[in-house]
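Report on the following structure.
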Amino acid sequence: MSIETTTSWVDNFNESLMRTMGQPLALLTHGRGAFVWDENEKEYLDFLAGIAVNSLGHAHPVLVDALTRQVSTLAHVSNYFSTRPQLELAERLKRLTGAGPAGRVYFCNSGAEANEAAFKLARLNRAGGRSKIVALKNSFHGRTMGALALTGKPDMQSPFEPMPSGVVHIDSTIEALEASIDDTVSALFLEPIKGEAGVINLPEGYLARARALTEQHGVLLILDEIQTGVGRTGRWFNYEYAGILPDAVTIAKGMAGGVPIGSLVTFGWASDLFQRGMHGSTFGGNPLATAAANAVLGEIEERDLVGNAERRGVQLRDRIAALNSPLIGEIRGQGLLIGLGLTEPIALKLSAAAMDAGLIINAANESSIRMAPPLIIRDLEVDAFVTRFTAALAAVGYPVVPAPAPAAPDAAAAADAPAAADAPATADAPAPAPTTPDAESAS
1 MSIETTTSWV DNFNESLMRT MGQPLALLTH GRGAFVWDEN EKEYLDFLAG
51 IAVNSLGHAH PVLVDALTRQ VSTLAHVSNY FSTRPQLELA ERLKRLTGAG
101 PAGRVYFCNS GAEANEAAFK LARLNRAGGR SKIVALKNSF HGRTMGALAL
151 TGKPDMQSPF EPMPSGVVHI DSTIEALEAS IDDTVSALFL EPIKGEAGVI
201 NLPEGYLARA RALTEQHGVL LILDEIQTGV GRTGRWFNYE YAGILPDAVT
251 IAKGMAGGVP IGSLVTFGWA SDLFQRGMHG STFGGNPLAT AAANAVLGEI
301 EERDLVGNAE RRGVQLRDRI AALNSPLIGE IRGQGLLIGL GLTEPIALKL
351 SAAAMDAGLI INAANESSIR MAPPLIIRDL EVDAFVTRFT AALAAVGYPV
401 VPAPAPAAPD AAAAADAPAA ADAPATADAP APAPTTPDAE SAS
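All the letters of the sequence shown, read from the start, carry residue numbers 1 to 443 under the UniProt record's numbering.
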């Protein structure tokens with residue numbers, strides 16, 4: 001891996017920051033649209049978007065303007081007061097989630113914090129002596145203690161045991177679900193797509209069956225849409241594909257385009273569980289973060305970036321499949337949350353080769369690549385991705401073999417064919433990689 005760095009920033013990082021996440025891949029200095037640049041002015045196509053955070057890409061003028069205007073008037077007031085941006089965002093989330101008039105919104109600063117609030121909400125559903133929370137094996141809900149207890153990864157939990165009690169982890173099958181949900185369970189926690197695990201879809205019909213069982217037994221259905229929500233999978237929230245509504249949903253990542261924010265939205269009777277003084281956050285719902293979220297969500301609505309995510313997701317899957325690479329055994333996910341299951345455990349090597357080629361993707365595990373590009377991508381970025389990803393595949397020993405040329409036409413047919421200069425351009429003829437795409441355009 002030949003990422004250019006300077007000794008000074010690497011040494012400074014190692015001497016100053018806790019190594020909780022390992023060595024950074026580069027020192028980034030600025031970005032625009034779906035592109036970022038490092039300190040050496042090397043350009044990268046950002047197909048991770050800060051791990052599904054930068055919905056509008058980088059330096060989007062709508063977000064820049066909203067933050068500039070809000071910070072010049074009111075940045076923070078604490079939870080003793082309310083502000084117009086906070087109230088506007090709460091009403092917007094009730095509408096977008098389908099929670100409606102009976103819904104309620106709690107604001108915090110991250111996805112893990114939102115899941116901590118949801119964990120406490122689950123504890124309040126104690127009627128009839130309920131004592132268990134059911135979650136899935138190989139799931140990820142965050143690294144704080146309650147969220148970590150929900151996370152189905154024993155290797156992440158073991159350094160911090162004992163975990164908060166009462167959480168049972170089950171296999172991601174409908175049979176295991178049916179065997180686990182009964183009147184002793186207070187809540188079922190689910191990711192509609194397991195992002196951290198490598199973008200793993202739940203089985204067909206799983207969410208609908210989960211909704212039916214939880215309603216039957218008075219169990220809270222709590223969906224973690226921190227990675228899948230805010231349009232990323234081609235719907236505002238992934239549960240829309242199943243035609244259901246949860247009792248609560250946690251939202252964060254893509255909501256404010258890079259400004260830290262999280263929320264727990266409750267539906268129906270779940271909105272009555274929290275009472276005064278049971279939970280809170282000093283920074284939660286501050287005017288700066290909520291103004292940013294209103295700007296981002298407004299732009300997503302106005303430009304139909306949810307529809308763009310659905311269309312570009314199909315386009316990307318088709319382009320990846322057309323590479324016909326023996327390294328890619330499976331293409332998973334929905335919309336612009338895409339996982340590639342590799343036939344060899346070289347995901348780290350492939351993601352490093354992609355960085356060398358000017359492409360940011362993520363090795364979710366040794367055999368899975370995760371991609372979550374900004375919702376604003378266009379043909380131009382899709383073409384640039386194919387060019388750079390093809391280079392990365394070649395660098396790890398999997399060059400893309402061009403499809404065989406069609407057979408030459410006979411003389412009579414050739415005489416009637418249009419000249420080459422008249423042939424239309426195709427999506428499989430990549431345009432040169434851009435340097436300064438228009439961040440405002442998604443089509």
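A virtual CB, placed ideally from N, CA and C, is assigned to each residue, including glycine.
Coarse secondary structure for residue i, derived from DSSP in three states
{"i": "Thr68", "result": "helix"}
{"i": "Asp183", "result": "coil"}
{"i": "Ile369", "result": "strand"}
{"i": "Ala102", "result": "coil"}
{"i": "Asp304", "result": "coil"}
{"i": "Ser2", "result": "Only weak support exists for where Ser2 lies, its pLDDT of 44 falling under 50; the coordinates are left without a value."}
{"i": "Arg126", "result": "coil"}
{"i": "Ala256", "result": "coil"}
Cβ neighbour criterion (16 or more within 10 Å) applied to residue i
{"i": "Glu15", "result": "exposed"}
{"i": "Pro326", "result": "exposed"}
{"i": "Gly262", "result": "buried"}
{"i": "Tyr80", "result": "exposed"}
{"i": "Arg126", "result": "exposed"}
{"i": "Trp9", "result": "exposed"}
{"i": "Leu87", "result": "exposed"}
{"i": "Leu169", "result": "Note on residue identity: the sequence assigns His, not Leu, to residue 169. His169 should be labelled buried."}
{"i": "residue 445", "result": "The shown model of the chain, from 1 to 443, leaves out residue 445, and the question about it has no answer."}
{"i": "Thr435", "result": "Confidence at Thr435 is low in this model, with a pLDDT of 37, below 50, so the placement of that residue is unreliable and no value is reported for it."}
{"i": "Met255", "result": "buried"}
{"i": "residue 452", "result": "Any answer about residue 452 is impossible in this case: the structure gives the chain only from 1 up to 443."}
{"i": "Phe160", "result": "exposed"}
{"i": "Glu299", "result": "buried"}
{"i": "Ser72", "result": "exposed"}
{"i": "Thr151", "result": "buried"}
{"i": "Met1", "result": "Per-residue confidence for Met1 stands at a pLDDT of 43, beneath the threshold of 50, marking its modelled position as unreliable; no derived number is given."}
{"i": "Met18", "result": "exposed"}
{"i": "residue 500", "result": "Since the first residue shown for the chain is 1 and the last is 443, residue 500 is missing from the structure and cannot be characterised."}
{"i": "Gln70", "result": "buried"}
{"i": "Leu348", "result": "exposed"}
Host beta strand (DSSP E) of residue i (start-end)
{"i": "His30", "result": "Leu28 to Arg32"}
{"i": "Gln216", "result": "No beta strand (DSSP E) contains Gln216, which is instead part of the alpha helix (DSSP H) from Tyr206 to His217."}
{"i": "Val167", "result": "Val167 to Ile170"}
Heavy atom of the ligand NAP within 7 Å of residue i beta-carbon
{"i": "Leu359", "result": "By its list of ligands, the structure shown contains no ligand whatsoever, and the ligand NAP lies outside what it can speak to."}
Sequence-distant residues of the same chain with beta carbon closer than 6 Å to residue i, five excluded per side
{"i": "Lys94", "result": "Gly103"}
{"i": "His30", "result": "Trp37"}
{"i": "Leu28", "result": "Val36 and Asp38"}
{"i": "Pro432", "result": "With a pLDDT of 36 at Pro432, under the threshold of 50, the modelled position of that residue is not reliable, and no figure is offered here."}
{"i": "Phe119", "result": "Gly146"}
{"i": "Asn12", "result": "none"}
Residue i - containing alpha helix (DSSP H), residue span
{"i": "Gly146", "result": "Met145 to Leu150"}
{"i": "Asp155", "result": "Pro154 to Gln157"}
{"i": "Asp356", "result": "Ala347 to Asp356"}
{"i": "Leu89", "result": "Arg84 to Thr97"}
{"i": "Ile328", "result": "Not the alpha helix (DSSP H): Ile328 falls in the beta strand (DSSP E), residues Ile328 to Gln334."}
Rounded distance between the beta-carbons of residue j and residue i, thought under 8 Å
{"i": "Lys132", "j": "Gly166", "result": "6 Å"}
{"i": "Ile339", "j": "Ile244", "result": "It is Gly, not Ile, that sits at residue 339 in the sequence shown. Contact doesn't hold; Cβ gap of about 23 Å is too wide."}
{"i": "Gly335", "j": "Gly313", "result": "4 Å"}
{"i": "Thr83", "j": "Pro287", "result": "4 Å"}
Sequence-distant residues of its chain with Cβ nearer than 8 Å to residue i (five each side left out)
{"i": "Ala197", "result": "Asn138, Ser139, Phe140, Ala364, Asn365 and Ser368"}
Cβ-based neighbour list, residue i, same chain, cut-off 7 Å, excluding 5 preceding and 5 following
{"i": "Glu225", "result": "Pro192, Phe237, Asn238, Val249, Thr250 and Ile251"}
{"i": "Ala289", "result": "Ala256, Val259, Pro260 and Ile261"}
{"i": "Ser271", "result": "Ala102, Gly103 and Arg104"}
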